[in-house]
């Protein structure tokens, strides 16, 4: 009967060794790699962003609602890429913004959708999608 071999890579000392498990027909080859003063760096891919780019009128209305809910003056710069957190909004403020958007546009935003809103553009894109869905129904 032939015995089975398995190769295992371990990080640690650099001396290869052979381990035999008694009572079994297999043995394991251990190969380890030494790392001296180096660390594996995490590689983070850029976040994939797919959006439908809402109409400019929708973005403007969203900005108006955000300004109203956060009591921002007109001198505060606000663009489609502006995040709610950069405006000082906490989670309660975000909920109030979503409620204001629901009232303004006559839509209902589900909780899981509301958690995906981070910027003015995110909100406008979601509103456009919900309005299209509402019109199709």
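In the UniProt record's numbering, the protein residues as written are 1 to 137.
For each residue, glycine too, the CB sits at the ideal point set by N, CA and C.
The structure displayed is predicted, hence computed values, not measured ones.
Looking at C-alpha atoms only, which residue of the options is the closest neighbour of residue i?
{"i": "residue 124", "options": "137, 87, 100", "result": "100"}
{"i": "residue 55", "options": "128, 97, 90", "result": "128"}
{"i": "residue 71", "options": "88, 119, 57", "result": "88"}
{"i": "residue 133", "options": "81, 109, 62, 74", "result": "109"}
{"i": "residue 117", "options": "81, 73, 74", "result": "81"}
{"i": "residue 102", "options": "86, 61, 53", "result": "61"}
{"i": "residue 90", "options": "73, 53, 115", "result": "115"}
Based on the DSSP secondary-structure assignment, which residues constitute the bridge partners of residue i?
{"i": "residue 83", "result": "119"}
What are the boundary residues of the alpha helix (DSSP H) that residue i is part of?
{"i": "residue 97", "result": "91-105"}
{"i": "residue 56", "result": "56-70"}
{"i": "residue 111", "result": "111-114"}
Report back the beta-carbon spacing between residue i and residue j to the nearest angstrom; my notes put them in contact at under 8 Å.
{"i": "residue 107", "j": "residue 130", "result": "5 Å"}
{"i": "residue 104", "j": "residue 59", "result": "The Cβ separation is near 13 Å, so there is no contact."}
{"i": "residue 92", "j": "residue 113", "result": "The Cβ separation is near 18 Å, so there is no contact."}
Going by beta-carbon coordinates alone, are residue i and residue j separated by less than 7 Å?
{"i": "residue 83", "j": "residue 119", "result": "yes"}
{"i": "residue 97", "j": "residue 121", "result": "no"}
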